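What follows is one structure encoded as structure tokens, with my remarks underneath.
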Amino acid sequence: MNSQSKKTLKVCVLGNFSGRNAGDNAILGNLVRDVSALYPNVHFLVPTINPKFVEQSFGDRVSIQGVSLMPWALSVKIFGLPVFRAVLGSDLVLVTDNILFDMKLFNPLFNYLSTLSLVLPMAKKRGIPVVLYNMSLGPVSTPAGTWCMKRVINSVERIILRDQQSKDLLDRLNVSLPPVDFGADSALNTEFCSAERLQEIVAAKGLFTNPNGTIGFNVNVYLDQYLKHGARSDTKPFIQMISGAIDQVIDELDVDILFFVTQVMDIRVTNAIIDNIKNKQRIKTITNKEYSFEELTAVMSKLLLMVAMRTHALILASSAGTPVAGIISYPKTTGYLKTIGQGQWIINFEDLETDRLFDLVASVYHNRDEIKKTLLPAVEREKQKAAASALTLQPWLGQLQKVS
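Its first residue numbered 4, the sequence shown is counted upward by one per residue in our numbering.
Structural data, given as structure tokens:
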């Protein structure tokens with residue numbers, strides 16, 4: 004037996020795990036499940052501003068410890084002593100999600116790339132392996148961001164990407180690369196809550212009472228901030244366009260609308276849209292402030308389709324077998340939809356108009372049965388790739404656990 008399997012191995016997982024984002028929560032929950040299912044004696048260290056959330060959410064499933072990133076722990080979110088200690092005290096470091104971009108590069112409250120360009124080279128110098136695990140890289144558009152990204156890439160032992168856009172970025176960096184594999188987003192393998200729990204939620208929220216069905220919507224308070232490198236369009240026209248399209252959807256398709264808030268900061272803009280909708284009696288809202296990512300995904304499985312701005316709202320919905328349409332306010336959203344063969348069902352933020360959005364929703368609605376024929380096998384393929392990424396960690400975590 005490999006001697007590594009005889010001792011507890013510390014695995015530091017770096018991502019944005021505050022508990023405020025259902026997609027990030029799904030990534031962490033599924034990643035630690037996939038890894039611990041294959042390898043014995045793994046203990047996870049997760050830097051976070053909310054250690055209590057991490058430990059209470061996942062501590063009954065795996066051995067896990069939240070590492071506080073609060074000021075009293077001598078940290079300004081990601082930048083501070085706790086991350087350096089966690090990384091340099093681990094046997095393996097996994098960097099995941101989409102945290103390596105250069106928008107607001109030197110603001111540690113928002114950006115991870117600059118800090119990781121400091122700590123990961125230190126890990127390499129100490130012989131601590133670093134793996135970019137089911138990652139999406141970029142966007143990177145500045146010389147400083149490019150320099151930081153190169154430092155990160157030069158510090159890792161293996162790269163597992165989840166989209167072609169990330170590989171294109173690596174090619175443009177013109178650096179020597181470690182082995183590069185294609186995985187997929189860990190959130191894809193989200194398991195539903197129990198059928199009984201789903202029925203409780205449906206009853207409590209009064210959902211799915213319209214025999215014609217329900218369409219899901221999701222919006223992002225950042226609007227097009229990523230496309231404009233920190234600037235943002237005026238909120239008022241956006242609210243008017245979305246609310247106008249939803250009224251048209253209700254009037255012409257005779258369906259109900261269920262807003263999904265997957266990041267709590269989106270609650271205010273969601274409510275502003277609802278306030279501007281004429282058919283308010285046909286609208287309901289469900290949020291990750293109330294429900295877990297497993298519960299939200301189970302509810303998504305009952306939709307006719309999901310129209311979303313946040314990438315992980317689309318990922319969770321498609322993982323549940325629900326057809327999706329993307330409002331593209333972030334480049335990586337297009338990358339995911341293309342990966343699952345749904346790249347035609349999008350509208351770019353700069354092209355957003357009430358009638359155009361309605362036309363997109365109506366097209367997906369009328370073609371949803373055909374869409375599922377390509378969506379379901381594509382998503383299943385991506386799920387298998389996401390789970391298989393854990394197999395690549397064997398050189399550092401040792402003998403595989405037998406899975407019954």
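The C-beta atom is built at its ideal place from N, Cα and C for all residues, glycine as well. This one's a predicted model, so the numbers in the text were calculated from it and none came from an experiment.
Membership of T99 in the beta strand (DSSP E) is indicated by the continuous run L95 to L103. Relative to G216, the option among V65, S139 and L306 whose CA is nearest is L306. For V143, the three-state secondary structure derived from DSSP is coil. Annotation: the continuous beta strand (DSSP E) that includes T290 extends over I286 to T290. Contact annotation: the stretch 345-363 does not touch the stretch 293-307, with fewer than three C-beta pairs closer than 8 angstroms.
Per DSSP, the continuous beta strand (DSSP E) segment holding L164 begins and ends at R161 to L164. Two segments are said to touch when three or more pairs of C-beta atoms, one from each, lie closer than 8 angstroms; by this definition the stretch 247-264 touches the stretch 352-370. Relative to T238, the option among Q251, E58, V222 and V205 whose CA is nearest is V222. The Cβ-Cβ distance between T395 and D184 falls below 8 angstroms. Collapsing the DSSP output to three states places G92 in coil. Collapsing the DSSP output to three states places G247 in a helix. A direct Cα-to-Cα measurement between L400 and E199 gives close to 37 angstroms. Separation of E383 and V310 (C-alpha to C-alpha, rounded to the nearest whole angstrom) is 21 angstroms. Pairing I156 with V134 gives a Cβ-Cβ distance that is not under 8 angstroms.
Annotation for Q59: the continuous alpha helix (DSSP H) segment containing it runs P54 to F61. When only Cα atoms are considered, E160 and L97 end up about 11 angstroms apart. Taking each of T99, D100 and N114 in turn and checking the Cα distance to M106, the smallest one comes out for N114. Its chain contains L116 and L140 as the residues whose beta carbon lies nearer than 6 angstroms to that of L103, once the 5 sequence neighbours on both sides are disregarded; these appear in chain order.
In the DSSP assignment, F296 falls outside any beta strand (DSSP E) and lies within the alpha helix (DSSP H) extending over F296 to M303. The beta carbon of E58 is closer than 6 angstroms to those of G69 in its chain, skipping five residues each way along the sequence.
Note on F263: 16 or more other CB atoms within 10 angstroms of its CB, so buried under the neighbour-count rule.
Fully enclosed beta strand (DSSP E) runs of no fewer than 3 residues occupy 349-351 of the stretch 337-400, in order along the chain. Of the candidates I286, T212, V90 and D100, the residue whose Cα lies closest to the Cα of I318 is D100. Per DSSP, reduced to three states, the secondary structure at D278 is helical.
By DSSP's assignment, N24 forms a beta bridge with Q266. Between N28 and S60, the CB-CB gap stays under 8 angstroms. In the DSSP annotation of this structure, I81 is not part of any beta strand (DSSP E), being labelled neither H nor E.
For I67, the enclosing beta strand (DSSP E) covers residues S66 to S71.
Residue environment: L77 is assigned as exposed (fewer than 16 neighbouring CB atoms within 10 Å of its CB, all protein chains considered).
Here the C-alpha atom of S39 lies approximately 37 angstroms from the C-alpha atom of A147. Pairing V205 with F211, the inter-Cα distance amounts to about 7 angstroms. By alpha-carbon distance to R64, the top candidate from P54, L379, V35 and T273 is V35. Beta-bridge annotation (DSSP): P50 is paired with V70. Residue pairing of M309 in beta bridges, as defined by DSSP: G219 and V327.
In this chain, V183 is not harboured by any alpha helix (DSSP H); it is covered by the beta strand (DSSP E) spanning V183 to F185. Contact check for A187 against K388 passes: the beta carbons are separated by less than 8 angstroms.
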